[in-house]
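Before any comments, here is the structure.
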Amino acid sequence: MADAWTDKKRRSIMNLCVHCKLGTAFLESKEASANAHTSLYIFNYVVECIEKLVLKMLCKWSRTMLPTTWEQRR
1 MADAWTDKKR RSIMNLCVHC KLGTAFLESK EASANAHTSL YIFNYVVECI EKLVLKMLCK
61 WSRTMLPTTW EQRR
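What follows is the structure, given as structure tokens:
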């Protein structure tokens, strides 16, 4: 879920939130005054945020799951 607003200094700010059955959580904010808010620009921003989120989830999963599976292989 993305939204955009303008602050007191007339800067354009874009927010990205994640929504699931547990609720909505703020994910990231981006100052986007220099760019037109076209569908392609918003799409690329959302994809970039999703990629960061997936990497964080994979890193967390690998730290918690791989040691267990490595121990089981011995």
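The sequence shown: position 22 = 22 (full-length UniProt numbering), numbered continuously. Yeah, the Cβ is synthetic: ideal placement off N, Cα and C, and Gly gets one too.
Does the Cβ of residue i have 16 or more other Cβ atoms within 10 Å, making it buried, or fewer, making it exposed?
i     : result
LEU40 : exposed
MET14 : buried
LEU16 : buried
Do you know offhand how far residue i's Cα is from residue j's?
i     : j     : result
VAL54 : LYS8  : 33 Å
GLU51 : ILE42 : 14 Å
ALA25 : VAL46 : 15 Å
GLU48 : HIS37 : 15 Å
SER29 : LYS60 : 22 Å
According to DSSP, which residues form a beta bridge with residue i?
i     : result
LEU16 : ALA2, GLU28
Might you give, ordered along the chain, the residues of its own chain that have their beta carbon closer than 7 Å to the beta carbon of residue i, omitting 5 neighbours on each side?
i     : result
SER33 : ARG11, SER12
GLY23 : none
Starting from the C-beta of residue i, find all residues in its chain whose C-beta is less than 6 Å away, skip the five residues before and the five after it, and write them out in chain order.
i     : result
ALA35 : Going by the sequence as given, residue 35 is Asn instead of Ala. Excluding residues within five positions, the ones whose Cβ falls inside 6 Å are TYR41.
VAL18 : ALA25, LEU27
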